[in-house]
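Student: After the structure tokens below, expect a handful of questions from me.
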Amino acid sequence: MKFIVGAAVALAMSVSISAIAHEGATGVVKERMDGMKSIGQQVKIMVPMLKGTLPYDPAKVAESAGIIESHAGENFTKLFPEDSDGHPSEALPAIWDDWSEFNDIASDLQSRANALKTVAANGGSEGDFKGALGNMLQTCKSCHSNFRE
21 MKFIVGAAVA
31 LAMSVSISAI
41 AHEGATGVVK
51 ERMDGMKSIG
61 QQVKIMVPML
71 KGTLPYDPAK
81 VAESAGIIES
91 HAGENFTKLF
101 PEDSDGHPSE
111 ALPAIWDDWS
121 EFNDIASDLQ
131 SRANALKTVA
141 ANGGSEGDFK
151 GALGNMLQTC
161 KSCHSNFRE
């Protein structure tokens, strides 16, 4: 559980720092940075619930997970055309070198965000929420570790 909380905090912090680094982005690079920012904002909503500093709010979790889901999968991968890794992008060439793995992670993010949304929408317990959010955050961490500067 400490790992999951640490990953969540790191993801939330990286979104804040990235906002400064993304100045000057245009086109598809800006689109994907904006999408990542949106994902990060939703994670920031849920991290205090994960840590227990705010009460678990299934309606907010379902909404946030739905937003993340909408940015994942094919909606995510279409924002990574060949040769879109120049500054200020933080995308590593490994994305295009191992497109299959990158695509799988983007699909996993969509599936795990959907699972989180389903847990919240169906009145799942706080433990179910924490497990589903932890799974989703592990997917985020995997992508960032392998495919982001």
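The sequence shown maps to residues 21 to 169 in the numbering used here.
The beta carbon of each residue, even a glycine, is placed where N, CA and C say it ideally should be.
Taking the C-alpha atoms as reference points, what is the distance between Ser165 and Ser109?
Tutor: 15 Å
Student: Could you name the residues that DSSP lists as bridge partners for Ala111?
Tutor: Arg168, per the DSSP bridge assignment.
Student: Specify the secondary structure class of Glu43 as computed by DSSP and reduced to three states.
Tutor: coil
Student: I need the boundaries of the alpha helix (DSSP H) containing Leu129, first residue and last residue.
Tutor: Trp119 to Ala141
Student: Roughly how many angstroms lie between the CA atoms of Lys64 and Gly147, to the nearest whole one?
Tutor: Taking the CA atoms as reference points, Lys64 sits about 18 Å from Gly147.
Student: Verify whether the separation of the beta carbon atoms of Ser104 and Ala111 is less than 8 Å.
Tutor: yes
Student: Assuming Gln130 contacts Ala92 (C-beta within less than 8 Å), just tell me the rounded distance between them.
Tutor: 4 Å
Student: Taking buried to mean at least 16 other C-beta atoms within 10 Å of its own C-beta, is Glu89 buried or exposed?
Tutor: buried
Student: What residue range is occupied by the uninterrupted alpha helix (DSSP H) comprising Gly192?
Tutor: Since the displayed the chain opens at 21 and closes at 169, residue 192 lies outside it and no answer follows.
Student: Can the beta-carbon of Leu153 be found closer than 8 Å to that of Leu70?
Tutor: Cβ atoms of Leu153 and Leu70: closer than 8 Å.
Student: For Ala82, which residues of its own chain have a beta-carbon under 7 Å away from its beta-carbon, when the five flanking residues on both sides are left out?
Tutor: Lys137, Ala140 and Ala141
Student: Please classify Asp54: does DSSP put it in a helix, a strand, or coil?
Tutor: Taken through DSSP and simplified to helix, strand or coil, Asp54 comes out as helix.
Student: Using the Cα positions of Met66 and Lys150, report the straight-line distance between them to the nearest angstrom.
Tutor: 10 Å
Student: Classify Gly143 as buried or exposed, calling it buried when 16 or more other Cβ atoms lie within 10 Å of its own Cβ.
Tutor: exposed
Student: Quick one: what does DSSP say Asp103 is sitting in, helix, strand or coil?
Tutor: Residue state, collapsed to three classes: coil.
Student: Who are the Cβ neighbours of Ala45 in its own chain at under 7 Å, not counting the five residues just before and after it?
Tutor: Met53 and Pro108
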